[in-house]
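Colleague: Sending over a structure as structure tokens; questions will come in a sec.
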Amino acid sequence: MIRRFREKIDPNTFLLLITITLFVLMYIAGILIFRDKHFGRVQVFLNLFISNGGLIVAAVSMTMVLISGGIDISIGSVVAMTCMLLAWMMEKQNIGIIPAIIVVLIIGVIFGFFQGLLIAYLKIQPFIVTLAGMFFARGMTAIISTDMISIKNEAFLKIANAKLYFPFGGYVNRSGDIVYPYIYPSVVIGLVVLLLMFFVLKYSKFGRSIYAVGGNEQSALLLGLNVRLTKLKVYVLNGFFAALAGFVFCLNTSGGFVEQAKGFEMEAIASSVIGGTLLTGGVGNVIGSIFGVLIKGTIETFITFQGTLSSWWTKIVIAALLCFFIVLQSILGSSKDKKGKISKDH
Amino acid sequence: MKIKSILRNISRHSMFFPITCLIIVLVINLIKTPTFFHVSINNGVLYGYIIDILNRASELVILAIGMTLVVACSGGTDISVGAVSAVAGAITIYLLVGPMSSGDYRMPYVLAILLGLLGAVLCGMFNGFLIARLKIQPMVATLILYTAGRGIAQVITQGFIIYVRKEEFKYLGNFIPGIPVPTPIIIATIVLILTNLLLKKTALGLYIQTVGVNRRAAKLVGLNSSLFIFLVYAFSGLCAGISGMIITSRVYSIDANNAGLNIELDAILAVAIGGNRLDGGKFSLAGSIVGAITIQALTTTLYAMKVTADQLPVYKAIVVVFIVVIQSSEFKRYIGKLLSRITKHGDRKQVEV
Amino acid sequence: EPASKPGGDGKGKDNDLIVVGYAQVGAESDWRTANTVSFQETFVEENGYKLIFDDAQQKQENQIKAIRNFIQQDVDYIVLAPVVETGWETVLEEAKEAGIPVILSDRMIDVSDDSLYTAWVGGNFVKEGHDCVDWLAGYLEELGRADEEINIVTLQGTIGSSAQVGRTKGVEEKLPEHPNWNMLDKQTGEFTQSKGQEVMESFLKSYDDIDVVIAENDNMAFGAIDAIKAAGKDPGEDIIIIGFDAVKAAFEAMIAGDMNCSVECNPLHGPRVAEIIQKLEKGEEVEKTWYVDEGVFPASEAAKLIDSRPY
Amino acid sequence: MNNEVILTMRGIDKKFPGVTALSKVDFTLRSGEVHALMGENGAGKSTLIKVLTGVEALDGGEIRIKGVDHPVVNSSPQEAQKYGISTVYQEINLCPNLSVAENIFLGREPKKWGRIDWKTINQKATEILDVFQIEIDVTKPIENYSVAIQQMVAIARAVDISSKVLILDEPTSSLDEHEVEKLFSVMSKLKDMGIGIIFITHFLEEVYRISDRITILRNGIRVGEYETNSLPRVQLVAKMMGKEYDELTTIKNVGSYEAKDYEDKLLETEQLGRMGSIKPFDFLLHKGEVVGLAGLLGSGRSEMSRVIYGADRADTGQAYWKGEKIAVHAPMDAMKIGMAYLPENRMVEGIFPELSVRENIIIALQAKTGIWKLMSSKEQEAFADKYIELLQIKTPNIDAPIKNLSGGNQQKVIFARWLLTNPELLILDEPTRGIDVGTKTEIQKLVLELAGQGKSIIFISSEIEEMLRVCSRMVVLRDGNKICELSGDELGQKQIMETIAGGDISGEN
Ligand SMILES: Nc1ncnc2c1ncn2[C@@H]1O[C@H](COP(=O)(O)OP(=O)(O)OP(=O)(O)O)[C@@H](O)[C@H]1O
Ligand SMILES: Nc1ncnc2c1ncn2[C@@H]1O[C@H](COP(=O)(O)OP(=O)(O)OP(=O)(O)O)[C@@H](O)[C@H]1O
Ligand SMILES: [Mg+2]
Ligand SMILES: [Mg+2]
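So the sequence lines, in the order shown, correspond to chains P, Y, X and B. Letter by letter, the first sequence follows residues 3 to 348 in the numbering used here. Letter by letter, the second sequence follows residues 145 to 497 in the numbering used here. Letter by letter, the third sequence follows residues 205 to 515 in the numbering used here. Letter by letter, the fourth sequence follows residues 5 to 513 in the numbering used here.
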């Protein structure tokens, strides 16, 4: 039955459906298992977004990069650098919030531009370029300041703490007040980026070029696309989003320190992959990535609600669930016999 | 004309750029720290910056050997090697002395090491299974052990750092009395020689490249692509295990959180600096090894030049970019164009490009 | 034996327990593991508690998530051992709105509004730094080297961590009292033995007259010991070695004569936090700052104390 | 032929390391003509096209296009497209992950309110393909379709783009006659519209049917430009090969194949089949016999041969080798028994692009001898040299990466690879695809020679004529079903065509 259904729709949509279904099943399971711990509250669901605002931006951007056939493992470091820079500018240099944000976004773009140049025009492998980028940004973070900097800028904190309430779904808390579910502006930024990239990838020439380049670079070139420029644009945009993700991340943690957001890139990659993006390029979409983020977040929520796992078990359980997910996807999604596949040229 | 042909000949040699980079790093050292090349015998062992570099690069060299084959055969990277090192170290030490630090062995030393290595190979086989059989992309598949590996190691150690208080345990990671060369250097050399023999004296090297270049075509000429991919990941696990032994012996303890932390990135970097493509196919083991030593030389150099550890990545990044840029064929092409423009300039006007 | 609890009729049992959400940093060191164990052993059902434990794996984001989840689970108290000092306003504000008291353990946080947390329990890193310098001064006097030129190198912890910041600060504050001491170099060994060893090797090649090594945790001190031995010197004799934390392995090193002193950093916070919670349950006011007891352990006392060390 | 010149190339030079691909080549294209570019494998045809369209950089020479008053140097196909030049390259170049429709409109998507208008794209794509009578779901990724469909899509795209010049580099090599017809009718229409077409093929019939003029290249040098009508076939071949050539008659001789009785059974299958690709079939092959598999595109010829070879695992039935049961689970099993398989899709399943010619030649034998016995480099060189000589493979040296060879020469390398293993049964799936006439004849002769030596051959080709020349028996397939076998007197072009198409004229296809 599955086979017949699969033949009807295209394999990538099928994978996306699998991902979404698994997420829903998992969430329902959570609600049942942690009944007495209020897992079913709307706010628990919204917390997935609140806690992962930065990751949403990063995962969306990562998805774009992966579709283009590249990878970016510098995102975590860039996020750290952005947070540190924001904190340093606002706290140590008394620069206003708006100029500070503009500066970090510009730096992100420049950073992305250089990475893009090396990748697109010198054809150096993205993994290596962004690995160097990762080292560079992390080191720069330490150069800006080795001390933690806490952001006390009022305007910043106002944005960070502005709750946007929903008019429904409230619950009565221990002091007897009704608390309506809420989100923070960081979530809004994440969702806007998501929508934007959804449209760009689906409805713009640039977006389609990304898919083409990721699918087969040589073909894209012969079909008359400007492959290099497309790649450059991807990394520039990615640099911008990395900085934006840094800003969103910073809204959540309001401070900068050297060790911040370590391993963030792997989370972004994992989210994209869970969402059905292929590291080989050409396949993926941002809706899947969002579910990737939510699945990752739900797994973490499970672990917190469970409440006894120590660090090592946490790691193992997360990895096991990740493994389960990837293997299931691979089994359900594979076995589509690819006949007469067009060669990947070099 | 002459310059051009010389340049072409030199740049054609695949090992030229990796070695040049290493030499540049070393020469900078010589200028900055005149004692850099000073080697003496201290406590019956060779002692000096150069020895330090080779010694500390040993784990990286071993990992880079495994990584090179993984990259060549599967066109992907194994990002779990650092965590697998920790697992292997944890198994060995736990088997040797149990959950508490101690100086008494509970089982023969060699057996414990073999079991530790077995653990690492099993990890590698797990990766190999996911990648070869289930066709999961290498980085994603190895992400699983990358995440879980340290957790597994901590389960074994119960989260504690276990020390082995016995002199013999330090031999692998330091030196054996009476032998002036630090043991890690010897181990790395042995691994290198054996691997090289295996690749050059059997058809394995050719098979790996063949599978890496075109997996589907390899199947049709009768090669079991999946088997080879499985094997290289198992081998990479073994290499991770061996370096895990060295790492734990160096500090005669297992610190599951920190043993081999981030070393996988350096291993991948070594492969790339050695002039290997990361998407599979032809490979140069020698290149990767030079790459590994270059990375360690760089770190040692920067320490010697009093760059603090937290800023070190910046300089590392700059050097890495420099190295991969001058190696890139695209860059060579631009330079070649530039050169030919200069040499041709007198002869005739350039056609617009 | 199980403490007799009021209304222990089985059904309402869960309701009578005090639910404590505990957001721990991770399990990055023996010290941390001992710290965790101290909580897990204190907050057991026999004592009237239910502990919800969350391990952030050294990531602040994870702790923030955990606290949000604690709030949703309507816990009675939140104990937070913050990964870093910054960035807690938002989420602690949420806890405050939910009416859940927050008790900090180990590290302090940097917030403008003190009312965001109820109390803090921990060691005093700066004081540990002071203790280290004072002990060294005393020891040098003992050796009769009080007026000599003394060259010191420091192996710092992971830059930016509160232990590193506090200990470095503590040492530096007291240094001017000893004009004959030179701080030759400082470099981070990231709290690990192997990095500590690597950095020490580099120090030894750059300076041949190091008298004292201050390692901001014991693990780095062990690395330094190995590096010193490899360089053909005798740690503990030729070079004085001071570590922090006073883990069991440090006592072993001191007994072996490789190390001279370790400054304690007491991980047993659990009982202190329980004490605070009991007070709050009774409706009493509590102080904001609670230091745990910490000592300085020189090599001369090591053999005597080693068996009484719990971690 | 008084149409105006729309494209000229003068003195084009192109060198690759170790090879001079083009040397002072001139070429002129007029509007409204089909200009055939002919030459042996490796003559430089594809390279000329690549230089023209900016895929490869030009070393010297000048390109001029009508309406542009300065010499043009295209640095990318994108630029060439701007000048109205659109190209179908020899290796199909489409993005496998994108839908058929999107491949057709990539880079020039119609928009509505600033966003891509998918409805229009799908609609227009369907219309464009209608011209070629291809009815497929244009919203599915192109990788789901066969090579032939892909080729047609690539052509449809190029045709839709072209405003001045259309370049087709061996477009027909993977098409069957039916499709070739469709292509030709479209080409005629374009011709009438005044578009100039550069057409590369190895099929002489096609050249004479459709082209107006012919430019011949040999070893990167232009031999000359001729009116098609005034150049006899034999002359054309002679000029391509650079020697007086009378082998065309030899081919005919080959055709008069004598049916004889074969005795020793080599391979026999009983209801061998594979779910979803080929229905269970019975098949018998004798020693020394050449059997052809005939059928339309996608009829399952490749499928059948893959199942026999174990490239795809059979899930029903049983095979016998010399009367004994065999279990072929993987290609290695088949190789051990004595089979060899030359795949139809050279780029994807044939060559190892980065490996040297030498390694590409010896790999199958090496795989067969096993991992522990590595052939010495001397042996390897000797083998490679022998077959380069034997098959006249054009390569700068044996250690050049095979990706640098021209398509035809790559095919010969793969041939060499299998001959080296000394098989008893050769399965040749489109062995002459993209191979020049001279070599094609060589290969056909080779096949017969091998059969003469007692080897058996399964031969697949889209050219029925070619099959008639070499096969003593033909198996006809339709929709994954073995329909019947033809032999002896039944082996006539007409009869085969009828069987292939199906006696009952159904509404579909
Ligand atoms: N990228 C390359 N690097 C090196 N040599 C090349 C490259 N591409 C082509 N050549 C060489 O240039 C010559 C001309 O090749 P080209 O592909 O133009 O031949 P062709 O006429 O199209 O042959 P065919 O009919 O087989 O396709 C060949 O000798 C080939 O080996
Ligand atoms: N029009 C089509 N639409 C979808 N799939 C097709 C189409 N044509 C062929 N195929 C695929 O190709 C398979 C059969 O192709 P196969 O390669 O065996 O045919 P063939 O007779 O060898 O033709 P070819 O000359 O293309 O190799 C079918 O099972 C089908 O999956
Ligand atoms: Mg060609
Ligand atoms: Mg076929």
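Even for Gly, the Cβ is constructed at its ideal location relative to N, Cα and C.
Would you kindly work out how many angstroms separate the C-alpha atoms of residue 285 of chain P and residue 216 of chain P, rounded to a whole number?
Modeller: CA-to-CA, the gap between residue 285 of chain P and residue 216 of chain P works out to about 8 Å.
Colleague: Would you identify the three-state DSSP class for residue 433 of chain B, choosing helix, strand or coil?
Modeller: strand
Colleague: DSSP three-state label for residue 485 of chain B, please.
Modeller: strand
Colleague: For the region 265–330 of chain Y, which segments carrying the alpha helix (DSSP H) assignment without a break, of at least 4 residues, lie completely within its bounds, in sequence order?
Modeller: 282–301
Colleague: When the Cα of residue 233 of chain X is compared with those of X:246, X:261, X:243, which residue comes out closest?
Modeller: X:261
Colleague: Give a single yes or no on whether residue 23 of chain B has its beta carbon closer than 7 Å to a heavy atom of ligand 1.
Modeller: yes
Colleague: I'd like the ranges of any alpha helix (DSSP H) spanning at least 4 consecutive residues and lying wholly in the region 375–442 of chain Y.
Modeller: 407–417
Colleague: Using the Cβ count rule (16 or more neighbours within 10 Å means buried), how would you classify residue 473 of chain X?
Modeller: buried
Colleague: For residue 463 of chain X and residue 444 of chain X, I'd like the C-alpha separation in whole angstroms.
Modeller: 7 Å
Colleague: Could you tell me how far apart the beta carbons of residue 284 of chain Y and residue 46 of chain P are, in whole angstroms, since I believe they sit closer than 8 Å?
Modeller: Wrong, their Cβ atoms sit about 28 Å apart, outside the cutoff.
Colleague: Are the region 452–465 of chain B and the region 186–202 of chain B in contact at 8 Å, needing three or more beta carbon pairs?
Modeller: no
Colleague: Residues in its own chain within less than 7 Å of residue 92 of chain P by CB, not counting five upstream and five downstream?
Modeller: 99, 102, 153, 155, 158
Colleague: Any heavy atom of ligand 3 closer than 7 Å to the CB of residue 411 of chain B?
Modeller: yes
Colleague: Indicate the three-state DSSP secondary structure (helix, strand or coil) for residue 165 of chain Y in the structure shown.
Modeller: helix
Colleague: Please list, in chain order, all residues of the same chain as residue 15 of chain B whose beta carbon is under 8 Å from its beta carbon, the five residues on each side excluded.
Modeller: For residue 15 of chain B, same chain residues with a beta-carbon under 8 Å away, outside a window of 5 residues either side, are 28, 29, 30, 64, 65, 66 in chain order.
Colleague: Could you confirm whether any beta carbon from chain B is found closer than 8 Å to the beta carbon of residue 272 of chain P?
Modeller: no
Colleague: So residue 68 of chain B and residue 76 of chain B are in contact, right, with Cβ under 8 Å, and what is the actual spacing, rounded?
Modeller: 7 Å
Colleague: Within the chosen definition, does the region 249–266 of chain Y reach the region 324–338 of chain Y through at least 3 CB pairs nearer than 8 Å?
Modeller: no
Colleague: Along chain Y, which residues have their Cβ under 9 Å away from the Cβ of residue 315 of chain P?
Modeller: 295, 298, 299, listed in chain order.
Colleague: Measure the Cβ-Cβ separation of residue 412 of chain Y and residue 272 of chain Y and say whether it is below 8 Å.
Modeller: no
Colleague: Cutting at 6 Å between CB atoms, please list the residues of its own chain near residue 465 of chain X, excluding the five before and the five after it.
Modeller: 339, 446, 502
Colleague: State the DSSP-derived secondary structure class of residue 395 of chain X, mapped to helix, strand or coil.
Modeller: coil
Colleague: Give, in chain order, every residue of the region 338–359 of chain B whose Cβ lies closer than 7 Å to some Cβ of chain Y.
Modeller: 339, 345, 347, 352, 353, 354, 355, 356, 357, 358, 359
Colleague: When the cut-off is 8 Å and only beta carbons count, does residue 338 of chain X lie next to chain Y?
Modeller: Cβ-Cβ to chain Y under 8 Å: no for residue 338 of chain X.
Colleague: Please name the residue or residues paired with residue 502 of chain X in a DSSP beta bridge.
Modeller: Answer by DSSP bridge pairing, in chain order: X:465.
Colleague: Starting from the Cα of residue 474 of chain Y, find the closest Cα among P:80, P:122, P:43 and give me that residue.
Modeller: P:122
Colleague: Between the Cα of residue 309 of chain Y and those of Y:328, Y:161, Y:249, spot the shortest distance and give me the residue it belongs to.
Modeller: Y:249
Colleague: Closer than 7 Å between beta carbons: that is the criterion. Which residues of the region 229–248 of chain Y meet it against chain X?
Modeller: For the region 229–248 of chain Y, the set of positions with a beta-carbon nearer than 7 Å to some beta-carbon of chain X reads 245 in chain order.
Colleague: When you compare each of Y:467, Y:252, Y:232 to residue 434 of chain Y by their alpha carbons, which one comes out closest?
Modeller: Y:467
Colleague: By a C-beta neighbour count over all protein chains shown, 10 Å radius and 16 as the cutoff for buried, is residue 291 of chain X buried or exposed?
Modeller: buried
Colleague: Determine, using beta-carbon pairs with one atom in the region 183–199 of chain P and one in the region 99–110 of chain B, whether at least three such pairs fall under 8 Å.
Modeller: no
Colleague: What residues in the region 274–295 of chain P have a beta carbon less than 7 Å from any beta carbon of chain B?
Modeller: 284, 285
Colleague: Which same chain residues end up closer than 7 Å to residue 155 of chain B when comparing Cβ atoms and leaving out the 5 residues on each side of it in sequence?
Modeller: 96, 175, 178, 179
Colleague: Express the C-alpha separation of residue 118 of chain P and residue 235 of chain P in angstroms, rounding to a whole number.
Modeller: 7 Å
Colleague: Roughly how many whole angstroms lie between the Cα atoms of residue 321 of chain B and residue 325 of chain P?
Modeller: 37 Å
Colleague: Do residue 374 of chain B and residue 411 of chain B count as a contact pair if the criterion is CB distance below 8 Å?
Modeller: no
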